[in-house]
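**Student:** Quick one: the structure is below, questions incoming.
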Amino acid sequence: MTILVTGGAGFIGSNYIIDWLNGSDETVINLDKLTYAGNLDNLALIRDHDKYIFVRGDIGNKALLARLLTQYSPRTILNFAAESHVDRSISGPESFIQTNIVGTFNLLESVLSYWHELSSPAKEAFRFLHVSTDEVYGSLASTEPAFRETNPYQPNSPYSASKASSDHLVRAYHHTYGLPVLTTNCSNNYGPYQFPEKLIPLVIHNALAGEPLPIYGDGSNVRDWLYVGDHCAAIRRVLEAGQPGEVYNIGGINEKTNLEVVTLLCALLDELKPHSDGEPYAEQITFVTDRAGHDQRYAVDAGKIESELGWAPTQSFESGIRVTVQWYLENQTWVYNIASGEYRNWIEQQYT
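Counting in this note's numbering, the sequence shown runs without a single skipped number right up to 1128 at its last residue.
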(Lines of atoms letter the chains of each structure in order from A and count residues from 1; the text may use other names and numbers.)
(Lines give C-alpha, C1' and ligand atoms only; values in the text may rest on other atoms or scores of the structure.)
Protein backbone atom coordinates (compact mmCIF):
# COMPACT_ATOMS: atom_id res chain seq x y z
CA MET A 1 0.00 0.00 0.00
CA THR A 2 1.25 3.44 -0.95
CA ILE A 3 0.24 7.07 -0.48
CA LEU A 4 1.43 9.99 -2.62
CA VAL A 5 2.06 13.32 -0.90
CA THR A 6 2.56 16.48 -2.94
CA GLY A 7 4.48 19.35 -1.35
CA GLY A 8 5.93 17.05 1.28
CA ALA A 9 9.12 19.07 1.76
CA GLY A 10 7.19 22.08 3.02
CA PHE A 11 6.21 22.86 6.59
CA ILE A 12 2.92 20.99 6.99
CA GLY A 13 3.70 18.30 4.42
CA SER A 14 6.98 17.31 6.04
CA ASN A 15 5.38 17.15 9.49
CA TYR A 16 2.67 14.94 8.02
CA ILE A 17 5.13 12.53 6.40
CA ILE A 18 7.16 12.17 9.60
CA ASP A 19 3.98 11.63 11.59
CA TRP A 20 2.66 9.11 9.04
CA LEU A 21 5.81 6.99 8.99
CA ASN A 22 5.90 6.95 12.78
CA GLY A 23 2.52 5.24 12.82
CA SER A 24 2.18 3.34 9.55
CA ASP A 25 4.04 0.78 7.47
CA GLU A 26 2.69 2.17 4.17
CA THR A 27 5.18 3.63 1.71
CA VAL A 28 5.10 7.41 1.16
CA ILE A 29 6.02 8.97 -2.18
CA ASN A 30 6.93 12.62 -1.66
CA LEU A 31 6.60 14.74 -4.82
CA ASP A 32 7.95 18.24 -4.30
CA LYS A 33 9.21 20.91 -6.70
CA LEU A 34 11.57 22.29 -4.01
CA THR A 35 10.75 25.94 -4.48
CA TYR A 36 12.19 28.38 -1.92
CA ALA A 37 10.17 26.98 1.02
CA GLY A 38 10.73 23.32 0.15
CA ASN A 39 13.49 22.01 2.37
CA LEU A 40 14.64 18.38 2.49
CA ASP A 41 16.33 19.08 5.84
CA ASN A 42 12.78 19.00 7.23
CA LEU A 43 12.79 15.27 6.48
CA ALA A 44 16.27 14.40 7.75
CA LEU A 45 14.75 12.15 10.43
CA ILE A 46 13.27 9.80 7.82
CA ARG A 47 15.52 10.43 4.82
CA ASP A 48 16.83 6.85 4.88
CA HIS A 49 13.55 5.23 5.90
CA ASP A 50 12.84 2.17 3.73
CA LYS A 51 9.21 3.28 3.27
CA TYR A 52 10.06 6.80 2.06
CA ILE A 53 10.71 7.81 -1.56
CA PHE A 54 11.42 11.38 -2.66
CA VAL A 55 10.81 12.61 -6.20
CA ARG A 56 11.66 16.14 -7.25
CA GLY A 57 8.98 17.40 -9.62
CA ASP A 58 6.05 19.71 -10.32
CA ILE A 59 2.38 18.78 -9.82
CA GLY A 60 1.82 20.42 -13.21
CA ASN A 61 4.01 17.85 -14.98
CA LYS A 62 1.42 15.41 -16.30
CA ALA A 63 3.97 13.01 -17.79
CA LEU A 64 5.77 12.69 -14.46
CA LEU A 65 2.49 12.25 -12.59
CA ALA A 66 1.33 9.56 -15.00
CA ARG A 67 4.59 7.67 -14.48
CA LEU A 68 4.43 7.90 -10.70
CA LEU A 69 0.79 6.88 -10.53
CA THR A 70 1.40 3.88 -12.81
CA GLN A 71 4.59 2.84 -11.04
CA TYR A 72 3.41 3.12 -7.42
CA SER A 73 -0.41 2.74 -7.63
CA PRO A 74 -1.17 4.93 -4.60
CA ARG A 75 -4.45 4.37 -2.77
CA THR A 76 -4.48 8.00 -1.60
CA ILE A 77 -3.13 11.34 -2.76
CA LEU A 78 -2.71 14.21 -0.30
CA ASN A 79 -2.21 17.60 -1.93
CA PHE A 80 -0.17 19.91 0.30
CA ALA A 81 1.59 21.59 -2.65
CA ALA A 82 0.90 25.33 -2.58
CA GLU A 83 2.36 28.79 -2.50
CA SER A 84 1.12 30.07 0.85
CA HIS A 85 2.64 33.39 1.95
CA VAL A 86 0.20 36.31 1.72
CA ASP A 87 2.90 39.00 1.48
CA ARG A 88 4.56 37.22 -1.43
CA SER A 89 1.19 36.88 -3.18
CA ILE A 90 0.68 40.63 -2.94
CA SER A 91 4.07 41.48 -4.47
CA GLY A 92 4.10 38.60 -6.98
CA PRO A 93 0.76 36.85 -7.52
CA GLU A 94 1.62 34.96 -10.72
CA SER A 95 3.36 32.02 -9.04
CA PHE A 96 0.30 31.58 -6.81
CA ILE A 97 -1.96 31.36 -9.84
CA GLN A 98 0.35 28.86 -11.53
CA THR A 99 0.87 26.56 -8.54
CA ASN A 100 -2.38 26.81 -6.64
CA ILE A 101 -4.81 26.94 -9.57
CA VAL A 102 -3.11 25.59 -12.70
CA GLY A 103 -1.05 23.07 -10.73
CA THR A 104 -4.11 21.76 -8.89
CA PHE A 105 -6.01 21.50 -12.18
CA ASN A 106 -3.23 19.47 -13.80
CA LEU A 107 -3.00 17.25 -10.72
CA LEU A 108 -6.75 16.62 -10.79
CA GLU A 109 -6.63 15.77 -14.49
CA SER A 110 -3.87 13.23 -13.94
CA VAL A 111 -5.54 11.72 -10.89
CA LEU A 112 -8.89 11.46 -12.66
CA SER A 113 -7.33 9.51 -15.55
CA TYR A 114 -5.60 7.21 -13.06
CA TRP A 115 -8.76 6.71 -11.00
CA HIS A 116 -10.82 5.75 -14.05
CA GLU A 117 -8.43 2.85 -14.73
CA LEU A 118 -8.61 1.35 -11.24
CA SER A 119 -10.53 -1.80 -10.46
CA SER A 120 -13.90 -1.33 -8.78
CA PRO A 121 -12.67 -2.12 -5.21
CA ALA A 122 -9.62 0.16 -5.62
CA LYS A 123 -11.84 2.88 -7.09
CA GLU A 124 -14.16 2.69 -4.12
CA ALA A 125 -11.30 2.88 -1.61
CA PHE A 126 -9.36 5.67 -3.35
CA ARG A 127 -9.24 9.20 -1.86
CA PHE A 128 -7.87 12.56 -3.02
CA LEU A 129 -7.41 14.88 -0.03
CA HIS A 130 -6.89 18.57 -0.74
CA VAL A 131 -5.38 20.70 2.05
CA SER A 132 -6.63 24.30 2.05
CA THR A 133 -6.97 27.30 4.34
CA ASP A 134 -9.55 29.23 6.35
CA GLU A 135 -8.48 32.38 4.48
CA VAL A 136 -10.80 31.44 1.59
CA TYR A 137 -13.73 32.56 3.77
CA GLY A 138 -12.48 36.16 4.04
CA SER A 139 -12.39 38.23 7.22
CA LEU A 140 -14.54 38.27 10.36
CA ALA A 141 -15.60 41.13 12.60
CA SER A 142 -14.89 40.69 16.29
CA THR A 143 -18.50 39.73 17.08
CA GLU A 144 -19.13 37.36 14.17
CA PRO A 145 -19.29 33.59 14.70
CA ALA A 146 -16.33 31.48 13.55
CA PHE A 147 -16.12 30.16 9.99
CA ARG A 148 -18.21 27.09 9.28
CA GLU A 149 -18.07 24.88 6.21
CA THR A 150 -21.23 26.59 4.95
CA ASN A 151 -19.72 30.09 4.95
CA PRO A 152 -19.53 31.69 1.49
CA TYR A 153 -16.08 32.14 0.00
CA GLN A 154 -14.88 35.76 0.15
CA PRO A 155 -11.09 35.70 -0.39
CA ASN A 156 -9.29 39.03 -0.02
CA SER A 157 -5.69 38.36 -1.11
CA PRO A 158 -4.21 36.82 -4.27
CA TYR A 159 -3.13 33.90 -2.08
CA SER A 160 -6.57 33.19 -0.63
CA ALA A 161 -8.22 33.76 -4.03
CA SER A 162 -5.91 31.17 -5.60
CA LYS A 163 -6.69 28.66 -2.84
CA ALA A 164 -10.42 29.35 -3.17
CA SER A 165 -10.12 28.61 -6.88
CA SER A 166 -8.34 25.33 -6.20
CA ASP A 167 -11.04 24.35 -3.67
CA HIS A 168 -13.74 24.97 -6.27
CA LEU A 169 -11.90 22.85 -8.82
CA VAL A 170 -11.61 19.97 -6.36
CA ARG A 171 -15.31 20.21 -5.56
CA ALA A 172 -16.21 20.32 -9.26
CA TYR A 173 -14.20 17.18 -10.02
CA HIS A 174 -16.24 15.34 -7.41
CA HIS A 175 -19.64 16.58 -8.54
CA THR A 176 -18.93 16.34 -12.26
CA TYR A 177 -16.76 13.23 -12.51
CA GLY A 178 -17.36 11.42 -9.23
CA LEU A 179 -13.73 11.66 -8.06
CA PRO A 180 -13.75 10.81 -4.33
CA VAL A 181 -12.28 14.00 -2.89
CA LEU A 182 -11.96 15.41 0.62
CA THR A 183 -11.12 19.05 1.40
CA THR A 184 -9.79 20.44 4.67
CA ASN A 185 -9.64 24.14 5.53
CA CYS A 186 -7.28 24.82 8.39
CA SER A 187 -6.49 27.82 10.56
CA ASN A 188 -2.99 29.26 11.05
CA ASN A 189 -0.48 26.48 11.69
CA TYR A 190 2.65 26.72 13.82
CA GLY A 191 5.30 24.26 14.99
CA PRO A 192 8.64 22.72 13.95
CA TYR A 193 10.08 23.23 10.45
CA GLN A 194 8.05 26.34 9.60
CA PHE A 195 9.83 28.62 7.12
CA PRO A 196 10.90 31.79 8.97
CA GLU A 197 8.91 34.23 6.87
CA LYS A 198 5.79 33.39 8.93
CA LEU A 199 5.10 35.26 12.16
CA ILE A 200 6.13 32.80 14.88
CA PRO A 201 9.47 31.51 13.47
CA LEU A 202 10.30 35.01 12.21
CA VAL A 203 9.86 36.48 15.69
CA ILE A 204 11.94 33.70 17.31
CA HIS A 205 14.75 34.16 14.77
CA ASN A 206 14.78 37.97 14.95
CA ALA A 207 14.60 37.96 18.73
CA LEU A 208 17.67 35.74 19.08
CA ALA A 209 19.51 37.82 16.46
CA GLY A 210 18.78 41.05 18.31
CA GLU A 211 16.71 42.39 15.43
CA PRO A 212 13.32 44.18 15.48
CA LEU A 213 10.21 42.05 15.96
CA PRO A 214 7.84 43.47 13.32
CA ILE A 215 4.09 43.59 13.96
CA TYR A 216 1.70 44.89 11.31
CA GLY A 217 -0.45 47.89 12.28
CA ASP A 218 -1.36 47.93 15.96
CA GLY A 219 -1.13 44.15 16.37
CA SER A 220 -4.89 43.71 16.86
CA ASN A 221 -5.41 41.28 13.95
CA VAL A 222 -6.72 37.95 15.27
CA ARG A 223 -5.83 34.45 14.12
CA ASP A 224 -6.89 30.99 15.29
CA TRP A 225 -3.66 29.06 15.98
CA LEU A 226 -3.41 25.33 15.25
CA TYR A 227 -0.41 23.23 16.31
CA VAL A 228 0.85 21.34 13.26
CA GLY A 229 0.80 17.99 15.07
CA ASP A 230 -2.91 18.43 15.77
CA HIS A 231 -3.43 19.33 12.11
CA CYS A 232 -1.69 16.11 11.00
CA ALA A 233 -3.91 14.07 13.32
CA ALA A 234 -7.00 15.75 11.89
CA ILE A 235 -5.96 14.98 8.31
CA ARG A 236 -5.36 11.34 9.23
CA ARG A 237 -8.84 11.19 10.71
CA VAL A 238 -10.47 12.81 7.67
CA LEU A 239 -8.63 10.35 5.45
CA GLU A 240 -9.85 7.42 7.56
CA ALA A 241 -13.51 8.35 7.93
CA GLY A 242 -14.36 11.49 5.97
CA GLN A 243 -17.19 11.32 3.45
CA PRO A 244 -16.19 11.92 -0.20
CA GLY A 245 -17.22 15.34 -1.41
CA GLU A 246 -17.28 16.80 2.10
CA VAL A 247 -15.33 19.75 3.52
CA TYR A 248 -13.93 19.71 7.07
CA ASN A 249 -12.74 22.82 8.88
CA ILE A 250 -9.77 22.23 11.20
CA GLY A 251 -9.12 24.83 13.88
CA GLY A 252 -7.01 25.11 16.99
CA ILE A 253 -9.72 26.93 18.96
CA ASN A 254 -6.99 29.36 20.04
CA GLU A 255 -7.82 32.91 18.96
CA LYS A 256 -5.00 35.36 19.67
CA THR A 257 -4.09 38.82 18.46
CA ASN A 258 -0.73 39.12 16.75
CA LEU A 259 0.46 41.29 19.64
CA GLU A 260 -0.57 38.61 22.16
CA VAL A 261 1.37 35.99 20.19
CA VAL A 262 4.54 38.06 20.00
CA THR A 263 4.31 39.09 23.66
CA LEU A 264 3.97 35.44 24.73
CA LEU A 265 6.94 34.47 22.53
CA CYS A 266 9.04 37.17 24.17
CA ALA A 267 8.08 35.95 27.65
CA LEU A 268 9.01 32.37 26.75
CA LEU A 269 12.37 33.47 25.34
CA ASP A 270 13.00 35.54 28.49
CA GLU A 271 12.53 32.29 30.43
CA LEU A 272 14.27 29.79 28.13
CA LYS A 273 17.02 31.90 26.50
CA PRO A 274 17.37 35.20 28.40
CA HIS A 275 19.46 38.05 27.04
CA SER A 276 22.91 38.22 28.64
CA ASP A 277 22.19 41.82 29.69
CA GLY A 278 18.85 40.88 31.22
CA GLU A 279 16.82 43.10 28.86
CA PRO A 280 13.39 41.69 27.96
CA TYR A 281 12.84 40.59 24.36
CA ALA A 282 9.65 42.68 24.27
CA GLU A 283 11.89 45.76 23.94
CA GLN A 284 12.52 44.63 20.33
CA ILE A 285 8.85 44.82 19.32
CA THR A 286 8.36 47.24 16.42
CA PHE A 287 5.07 48.24 14.81
CA VAL A 288 5.27 48.55 11.02
CA THR A 289 2.95 49.75 8.26
CA ASP A 290 -0.02 47.44 7.96
CA ARG A 291 -0.26 44.89 5.14
CA ALA A 292 -2.43 45.87 2.18
CA GLY A 293 -5.94 44.47 2.59
CA HIS A 294 -5.01 42.86 5.92
CA ASP A 295 -7.86 40.59 7.12
CA GLN A 296 -8.88 41.53 10.65
CA ARG A 297 -9.85 38.16 12.08
CA TYR A 298 -9.93 34.45 11.26
CA ALA A 299 -11.66 31.95 13.50
CA VAL A 300 -12.61 28.35 12.72
CA ASP A 301 -15.59 26.39 13.98
CA ALA A 302 -14.32 22.80 14.13
CA GLY A 303 -17.63 21.41 15.34
CA LYS A 304 -18.26 19.28 12.24
CA ILE A 305 -15.00 17.32 12.39
CA GLU A 306 -15.43 16.87 16.15
CA SER A 307 -19.03 15.67 16.03
CA GLU A 308 -18.75 13.52 12.89
CA LEU A 309 -15.19 12.20 13.12
CA GLY A 310 -14.29 12.57 16.79
CA TRP A 311 -11.28 14.87 16.32
CA ALA A 312 -10.36 17.78 18.59
CA PRO A 313 -7.04 19.56 19.15
CA THR A 314 -4.90 18.30 22.01
CA GLN A 315 -2.58 21.29 22.34
CA SER A 316 -3.54 24.60 23.90
CA PHE A 317 -1.71 27.56 22.41
CA GLU A 318 0.37 27.87 25.58
CA SER A 319 1.52 24.24 25.48
CA GLY A 320 2.06 24.14 21.71
CA ILE A 321 4.01 27.38 21.56
CA ARG A 322 6.33 26.23 24.35
CA VAL A 323 7.11 23.02 22.43
CA THR A 324 7.67 25.13 19.30
CA VAL A 325 10.05 27.62 20.93
CA GLN A 326 12.05 24.78 22.50
CA TRP A 327 12.31 23.06 19.11
CA TYR A 328 13.71 26.19 17.45
CA LEU A 329 16.18 26.75 20.28
CA GLU A 330 17.39 23.15 19.96
CA ASN A 331 17.61 23.25 16.16
CA GLN A 332 19.62 26.37 15.44
CA THR A 333 21.59 24.60 12.69
CA TRP A 334 18.34 24.12 10.77
CA VAL A 335 17.51 27.79 11.31
CA TYR A 336 20.99 28.87 10.21
CA ASN A 337 20.77 26.83 7.01
CA ILE A 338 17.47 28.54 6.20
CA ALA A 339 18.64 32.05 7.06
CA SER A 340 21.94 31.70 5.19
CA GLY A 341 20.50 29.92 2.17
CA GLU A 342 22.73 26.88 2.69
CA TYR A 343 19.77 24.54 2.28
CA ARG A 344 19.27 25.90 -1.26
CA ASN A 345 22.94 25.31 -2.12
CA TRP A 346 22.60 21.67 -1.11
CA ILE A 347 19.43 21.24 -3.17
CA GLU A 348 21.08 22.73 -6.24
CA GLN A 349 24.12 20.48 -5.85
CA GLN A 350 21.92 17.41 -5.51
CA TYR A 351 19.24 18.09 -8.07
CA THR A 352 20.43 20.54 -10.73
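Glycine included, C-beta positions come from ideal geometry on N, C-alpha and C.
For a test of the three-state rule: what should DSSP assign to W1087, helix, strand or coil?
**Tutor:** coil
**Student:** When the Cβ atoms of the segment 962–982 are set against those of the segment 790–798, are three or more pairs found closer than 8 Å?
**Tutor:** yes
**Student:** How big is the Cα-Cα spacing for T926 and G954?
**Tutor:** 21 Å
**Student:** Can you name the start and end residues of the alpha helix (DSSP H) that E1031 belongs to?
**Tutor:** Unbroken run through E1031 is the beta strand (DSSP E), E1031 to T1033; no alpha helix (DSSP H).
**Student:** S908 bridges to which residues according to DSSP?
**Tutor:** DSSP lists N961 as partners of S908.
**Student:** Buried or exposed: N983, going by 16 or more other Cβ atoms within 10 Å of its Cβ?
**Tutor:** In the sequence on display, residue 983 carries Ala and not Asn. Buried: at least 16 other Cβ atoms inside 10 Å.
**Student:** Pick out whichever of S800, T1062, N932 and T909 has its Cα sitting closest to the Cα of E1016.
**Tutor:** S800
**Student:** Who are the Cβ neighbours of D1071 in its own chain at under 6 Å, not counting the five residues just before and after it?
**Tutor:** The beta carbon of D1071 lies closer than 6 Å to those of S915 and N932 in the same chain, with the five residues before and after it left out.
**Student:** Please name the residue in K809, S849 and A785 whose C-alpha comes closest to that of E802.
**Tutor:** S849
**Student:** Less than 6 Å between C-beta atoms, sequence neighbours within five positions excluded: which residues of the same chain meet that for T778?
**Tutor:** T803, Y848 and P850
**Student:** Touch check for the segment 897–911 and the segment 817–834: three-plus C-beta pairs under 8 Å?
**Tutor:** Counting Cβ pairs under 8 Å, fewer than three are found: no touch.
**Student:** Confirm, please, whether the CB-CB distance from L844 to I805 is below 8 Å.
**Tutor:** Yes.
**Student:** What are the residues that DSSP puts in a beta bridge with W1001?
**Tutor:** N964
**Student:** What did DSSP end up calling Y1074 once you bin it into helix, strand or coil?
**Tutor:** coil
**Student:** Using DSSP's beta-bridge definition, name the partner residues of T926.
**Tutor:** Paired residue(s): none; T926 is not in a bridge.
**Student:** CB L945 to CB V1037, shorter than 8 Å?
**Tutor:** no
**Student:** Short check: CB of S1092 to CB of N1025, under 8 Å?
**Tutor:** no
**Student:** To which residues of the same chain is N1107 closer than 8 Å at the C-beta, ignoring the five residues directly before and after it?
**Tutor:** Excluding positions up to five away in sequence, the list reads P968.
**Student:** For I1081, tell me which candidate among R1012, E1059 and L1048 has the shortest Cα-Cα distance.
**Tutor:** R1012
**Student:** From the DSSP output, in three-state form, read off F1063 for me.
**Tutor:** strand
**Student:** Enumerate in chain order the residues of its own chain whose CB-to-CB distance from K899 is below 7 Å, with the five nearest sequence positions on each side excluded.
**Tutor:** W891
**Student:** Excluding the 5 residues flanking T960 on each side, which residues of the same chain have their C-beta closer than 8 Å to its C-beta?
**Tutor:** L905, H906, V907, S908, A1010, I1011, V1014, V1023, Y1024, N1025 and I1026
**Student:** Less than 8 Å separating the beta-carbons of R1134 and D1077?
**Tutor:** Nothing can be reported for residue 1134: it is not among the residues displayed for the chain, which extend from 777 to 1128.
**Student:** Pick from D808, S889, I1097 and G868: whose alpha carbon is nearest that of V1004?
**Tutor:** I1097
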